[in-house]
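Enquirer: According to the numbering used here, the sequence shown is numbered sequentially starting from 18. Heads up, the beta-carbon is just placed ideally off N, CA and C, and yes, glycines get one too. All of these numbers come straight from a predicted model, not from anything done at the bench.
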Amino acid sequence: MSIHLKIASDFVCPYCYVLEAMIAQVRAEVDVEIEYLPFELTEPPAERVDTYNDPERRARYAKELEPLCREVGLKMCLPPKVVPRPYTRMAFQGLYLAREQGLEEAYCHRIFRAYFEEERDIGGLEELTALAAEAGLDPDAFRQALESGRWEAEEREAVRRAKEDLQVRVVPTAFLGEHRLEGGAQSAEELREWLLAHAAN
Numbered sequence: 018m019s020i021h022l023k024i025a026s027d028f029v030c031p032y033c034y035v036l037e038a039m040i041a042q043v044r045a046e047v048d049v050e051i052e053y054l055p056f057e058l059t060e061p062p063a064e065r066v067d068t069y070n071d072p073e074r075r076a077r078y079a080k081e082l083e084p085l086c087r088e089v090g091l092k093m094c095l096p097p098k099v100v101p102r103p104y105t106r107m108a109f110q111g112l113y114l115a116r117e118q119g120l121e122e123a124y125c126h127r128i129f130r131a132y133f134e135e136e137r138d139i140g141g142l143e144e145l146t147a148l149a150a151e152a153g154l155d156p157d158a159f160r161q162a163l164e165s166g167r168w169e170a171e172e173r174e175a176v177r178r179a180k181e182d183l184q185v186r187v188v189p190t191a192f193l194g195e196h197r198l199e200g201g202a203q204s205a206e207e208l209r210e211w212l213l214a215h216a217a218n
């Protein structure tokens with residue numbers, strides 16, 4: 018049985034990347050399909066934040082995230098040296114083209130890895146176009162879609178829906194039917210148990 022999991026996430030949220038890695042681990046036992054729900058932590062024109070030079074954030078990541086990263090085999094920069102942290106609106110607009118072409122998960126994984134492991138600025142068109150190509154998308158079609166604003170209204174409505182209608186207060190928040198898992202899981206085993214417990218409901 019395939020489990021359709023919806024995840025409200027942001028490409029600059031390290032906990033979201035950890036959850037993706039945990040899903041990859043449980044797929045040996047559980048067939049999981051992911052649908053990403055855009056959630057912009059910082060929406061333009063709000064001022065972008067400097068996560069790299071934030072000692073409090075560094076301390077929290079060291080305590081909470083480094084053990085999880087070791088468990089799931091991620092080598093993340095916590096936080097990445099990208100100052101200030103990029104907006105993700107354009108990256109999420111690209112998600113819709115990736116979904117249309119059946120490359121949603123490949124695209125999202127490539128964006129996550131580029132930011133958290135390679136410290137690439139995922140807020141700009143040139144960088145995103147290159148990453149989209151690496152994920153298997155046609156770079157010319159990708160660039161044209163973003164430059165034309167093809168998915169702009171749909172992406173902004175999705176963010177509004179996540180924040181207002183779905184009342185997402187923390188990312189990642191995973192949805193399985195009427196059930197929600199806020200903040201991810203503490204282990205792949207915990208995630209597997211949650212998925213199996215609610216899959217039939």
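1) Please return the same chain residues whose Cβ sits closer than 8 Å to the Cβ of A123, not counting the five positions on each side in sequence.
2) Should A214 go down as buried or exposed, given a rule of 16 or more other Cβ atoms within 10 Å for buried?
3) Going by DSSP, what residue range makes up the alpha helix (DSSP H) through I139?
4) Please state if the CB of F28 and the CB of V185 are separated by a distance shorter than 7 Å.
5) State the DSSP-derived secondary structure class of L82, mapped to helix, strand or coil.
6) If V43 and A191 are in contact, beta carbons under 8 Å, what's the gap, nearest whole angstrom?
7) When the Cα atoms are used, what is the spatial distance from P189 to D157?
8) Can you name the start and end residues of the beta strand (DSSP E) that L193 belongs to?
9) Can you give me the start and stop residues for the beta strand (DSSP E) that L54 sits inside?
10) Determine whether the beta carbon atoms of Y32 and G201 lie at a separation below 7 Å.
11) Does DSSP put L22 in a helix, in a strand, or in coil?
12) How would you write the range of the alpha helix (DSSP H) that R116 sits in, first residue to last?
13) From this set, M39, E172 and E210, which residue's C-alpha is nearest V2's C-alpha?
14) Buried or exposed for E135, please, with buried defined as at least 16 other CB atoms from any protein chain shown within 10 angstroms of its CB.
15) Which value, in whole angstroms, describes the spacing of the CA atoms of F159 and I128?
16) Under 8 Å: do the region 167-174 and the region 139-152 share three or more Cβ pairs, one atom per stretch?
17) If I20 sits next to A216, beta carbons under 8 Å apart, how far is it from one beta carbon to the other, in whole angstroms?
Expert: Reading it off the structure:
1) A115, A152 and G153
2) exposed
3) Taken as a continuous stretch (DSSP letters only), I139 belongs to no alpha helix (DSSP H), as it is neither H nor E.
4) no
5) helix
6) At roughly 12 Å, the Cβ-Cβ gap does not stay under 8 Å, so V43 and A191 are not in contact.
7) 31 Å
8) T190 to L193
9) D48 to P55
10) yes
11) strand
12) R106 to E117
13) There is no way to answer for residue 2, as the model of the chain reaches only from 18 to 218.
14) exposed
15) 14 Å
16) no
17) 5 Å
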